[in-house]
Amino acid sequence: MAEISPADAYQRLLDRAERVGTLETMDNLLFWDQQVMMPSGGTPARSTQRGLVSSLQHEALTGDDVEAWLDAVDGADLDEDEQAVVREVRREHERTAAVDQELTEEINAVISEANDAWEEAKENDEFETFAPYLEELLELKREQANQIDPDKEPFAVMLEEYEPYVGVETAERVLENLKDALVPLIEEIRASDVDPSGPFVEGGPYDEDTQMALSKDALSFVNCDWDRARLDTSPHPFSYGNRYDMRITTRFHDHSPVDGLDSSLHEYGHATYEMGLDPDGFPGPLGQSRSHSIHESQSRFWENHVGRSEAFWEQFLPIVRKHFPRLSDVTPREAYEAANQVYEDNLTRVEADEVTYHLHIVVRFEIERALLNGELEVEDVPEVWNDKYEQYLGIRPETDSEGCLQDIHWSIGRIGTFQGYSLGTVFSAQLQHYLEAEFGTSLDELVRERRFDEIREWMEEHVHRHGKRYRTDELPEVATGERLTTEYFVDRIEEKYADIYDL
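Each residue of the sequence shown is one higher than the one before, counting from 1 in UniProt numbering.
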């Protein structure tokens with residue numbers, strides 16, 4: 001390849017990164033269509049389409065030309081934004097190019113079979129059906145980790161697939177702090193005589209069409225930009241797209257409208273992040289979301305800090321009553337307490353409340369780490385899973401389907417991702433603390449005054465607009481002035497639930 005100037009090499013790296021980013025947004029829309037609109041018979045063609053997009057991304061990242069361009073800019077006089085772009089392209093290139101294409105294809109082939117096996121195992125409550133596929137996936141993931149960085153423990157390498165630049169020590173520190181704070185709090189709540197479950201459960205069932213109308217009103221209430229977003233239903237809620245076109249999905253249960261509202265506001269939070277990214281950086285690294293945990297900080301903020309606040313229910317309950325007149329006697333305080341009920345006997349992560357949720361994550365983190373590092377045999381997973389649930393949550397699954405088979409993640413190769421949910425939740429509390437300090441008032445007051453645009457603009461200024469300009473471990477300090485800490489989450493959760501459960 002002919003010699004190239006650093007300036008030209010940088011421009012080509014940026015162009016290539018934007019190509020990869022565009023391909024990713026295309027795959028996101030293909031996935032959304034598959035989950036929401038596509039007829040069931042469309043799977044073979046969709047697999048071919050998504051496979052092509054994936055191969056184009058791989059080729060774009062691993063070519064010899066990328067290596068040459070990176071060499072050309074090495075040591076060049078770049079500004080901070082340009083350095084960030086080069087850092088991110090280099091990281092993606094090195095991680096992708098380090099893994100044999102044959103291994104990548106083998107992992108994808110096993111995943112295509114493992115997901116079907118997991119669905120069958122979950123339906124029939126037979127972990128043994130899924131176990132051989134999990135064993136094979138773990139072996140392949142260990143090899144993938146070894147090819148990327150043989151000097152790190154396999155779990156640490158795979159964790160950085162979802163949380164770039166966040167060491168396993170940080171995740172361990174955060175989860176240990178949460179475990180130490182939440183286990184005794186749950187014991188106190190169990191001993192409380194307060195039962196806040198009442199009004200919504202007693203008012204059911206709730207039909208899906210009316211719940212959808214309610215969710216759309218909820219997103220309008222917090223000033224969702226409908227020119228760039230839409231809301232649909234899917235089996236597993238998600239939010240995909242890009243800053244100009246966000247596809248939000250949710251789901252509903254007929255026993256309570258709260259689950260659907262929580263889901264809709266959660267996914268809206270994800271959408272605000274994408275829509276708040278810097279248009280000048282899109283679709284390159286400076287216009288892309290930073291990581292799983294940073295995304296979760298936004299979704300948890302809108303779900304838990306806004307949607308589960310007493311101020312929200314004071315303002316939004318009249319709209320709920322409009323859709324469900326039979327709830328006309330429910331007070332804002334009753335609605336708030338019901339929306340924040342602790343389900344201490346719940347075994348399912350996705351249905352967990354703010355308090356117990358993170359112990360579900362601790363179980364998965366500890367088991368995944370032991371599995372990937374070869375310290376736990378696959379055949380022992382059900383028993384170890386059940387033992388940890390009994391130890392941390394005081395409950396024990398009676399079946400594998402409600403225990404170690406409940407999550408789809410392992411069957412699609414997403415091993416090493418769960419801690420991001422807790423890291424993001426912790427960051428959301430830290431963001432609230434500093435948002436309130438800057439506004440000089442509480443988030444509750446901002447919600448009562450319906451200053452949702454100002455809240456979102458604050459998040460855009462402190463989090464969204466940075467894209468991947470900063471490393472994941474740097475962004476909390478850039479946004480708030482201090483590194484990620486559990487202090488604000490623990491203080492908030494202890495104060496909130498002491499009030500609800502009269503502790």
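Just so it is clear, CB atoms sit at the ideal spot from N, CA and C, and this is done for glycine as well. What you are looking at is a predicted structure, and each value in this text was computed from that prediction instead of being measured.
Could you tell me the alpha carbon to alpha carbon distance between residue i and residue j, rounded to whole angstroms?
i, j, result
"Asp74", "Val378", "44 angstroms"
"Val355", "Trp226", "32 angstroms"
"Ile294", "Phe427", "8 angstroms"
"Met246", "Met275", "8 angstroms"
"Arg456", "Thr272", "7 angstroms"
"Arg308", "Ala335", "9 angstroms"
"Glu494", "Lys322", "33 angstroms"
"Glu3", "Cys224", "49 angstroms"
"Gln35", "Pro235", "8 angstroms"
"His433", "Asp209", "37 angstroms"
"Ile395", "Tyr389", "6 angstroms"
"Ser5", "Ala72", "7 angstroms"
"Tyr244", "Phe282", "10 angstroms"
"Trp458", "Pro397", "42 angstroms"
"Asp151", "Gly440", "48 angstroms"
"Glu445", "Val183", "31 angstroms"
"Glu460", "Glu438", "14 angstroms"
"Ser297", "Glu477", "14 angstroms"
"Arg483", "Leu431", "11 angstroms"
"His350", "Ala9", "Looking at the sequence itself, residue 350 is Val, so the reference to His does not match. Approximately 45 angstroms between the Cα atoms of the pair."
"Leu228", "Val381", "Position check: residue 228 holds Arg in this sequence, whereas Leu was assumed. Whole-angstrom Cα-Cα distance: 43 angstroms."
What does residue i pair with, by DSSP beta-bridge criteria?
i, result
"Thr249", "Asp232"
"Gly260", "Gly260 is not bridged to any residue."
"Ser239", "Ile248"
Is the separation between the beta-carbon of residue i and that of residue j shorter than 7 angstroms?
i, j, result
"Arg300", "Gly467", "no"
"Ser158", "Gly416", "Sequence inspection shows Met at residue 158; the Ser mentioned does not correspond to that position. Result yes, Cβ atoms of Met158 and Gly416 sit closer than 7 angstroms."
"Val168", "Thr472", "no"
"Phe200", "Ala338", "yes"
"Leu443", "Glu436", "yes"
"Gly260", "Ser220", "no"
"Val258", "Tyr501", "no"
"Leu138", "Leu371", "yes"
"Gln406", "Thr348", "yes"
"Glu344", "Arg95", "no"
"Glu153", "Asn373", "yes"
"Trp410", "Leu29", "no"
What residue from the options has the CA that sits closest to residue i's CA?
i, options, result
"Tyr240", "Ser5, Phe31, Asp116 and Ala45", "Phe31"
"Gln57", "Asp217, Asp27 and Pro39", "Asp27"
"Arg131", "Gln144, Gln147 and Ile111", "The question names Arg, but residue 131 is Ala in the sequence shown. Selected option, being the one with the closest Cα: Ile111."
"Thr25", "Pro279, Val53 and Thr96", "Val53"
"Leu277", "Glu267, Lys141, Ser289 and Ala7", "Ser289"
"Ala98", "Trp118, Asp64, Ala72 and Glu119", "Asp64"
"Ser284", "Ala7, Gln11, Glu344 and Pro6", "The question names Ser, but residue 284 in the sequence shown is Gly. Ranking the options by Cα distance to Gly284, first place goes to Gln11."
"Glu161", "Glu136, Glu187, Arg190 and Glu88", "Glu88"
"Val306", "Ala218, His360 and Asn242", "Ala218"
"residue 550", "Glu67, Leu359 and Ser411", "A question about residue 550 goes unanswered here, because the residues of the chain that appear run from 1 up to 503."
"Thr22", "Ala109, Ala114, Ser192 and Ala60", "Ala60"
"Phe155", "Gly41, Met37, Asp380 and Glu375", "Glu375"
"Ala68", "Asp77, Asn242, Asp329 and Val86", "Val86"
"Ile319", "Gln211, Ala7 and Leu70", "Gln211"
Here's a check: name, in chain order, each residue in its chain whose Cβ is nearer than 7 angstroms to the Cβ of residue i, leaving out the five neighbours to either side.
i, result
"Ser263", "Pro237, Thr250 and Arg251"
"Gly81", "What sits at residue 81 in the sequence shown is Asp, not Gly. Taken in chain order, the residues that qualify are Leu286 and Arg469."
"Thr486", "Val174, Asn177, Leu178 and Val426"
"Val363", "Trp385, Lys388, Tyr389 and Tyr392"
So, for residue i: in the same chain, excluding its five sequence neighbours on each side, which residues have a beta-carbon less than 8 angstroms away from its beta-carbon?
i, result
"Pro332", "Glu310, Trp313, Glu314 and Leu317"
"Gly204", "Asp254, His255 and Ser256"
"Glu128", "Ala121"
"Arg230", "Met246, Arg247 and Ile248"
"residue 506", "With the chain running from 1 to 503 in the structure shown, residue 506 is simply not present."
"Ile107", "Leu137, Leu140, Lys141, Gln144 and Gly413"
"Ile186", "Val342, Glu344, Val355, Thr356, Leu359, Leu393 and Gly394"
"Glu163", "Ala171, Ser291, His292, Ser293, Gln419, Gly420, Leu423 and Thr472"
"Gly198", "Glu334 and Ala338"
Would you say residue i faces chain D, with C-beta separation under 7 angstroms as the test?
i, result
"Val99", "The displayed structure is made up of one protein chain only, and chain D is not part of it."
Is the beta carbon of residue i within less than 6 angstroms of some heavy atom of the ligand COA?
i, result
"Asn223", "With respect to the ligand COA, the structure offers nothing, as it holds no ligand at all."
Once you ignore the five residues that flank residue i on each side, which residues in its own chain have a CB closer than 6 angstroms to its CB?
i, result
"Ala429", "Tyr488, Phe489 and Arg492"
"Arg46", "Gln34"
"Ile361", "Phe418, Tyr421 and Ser422"
"Ser401", "Lys122 and Asp125"
"Ala17", "Val89, Gly284 and Pro285"
"Asp149", "Val157"
"His266", "Ser299 and Glu303"
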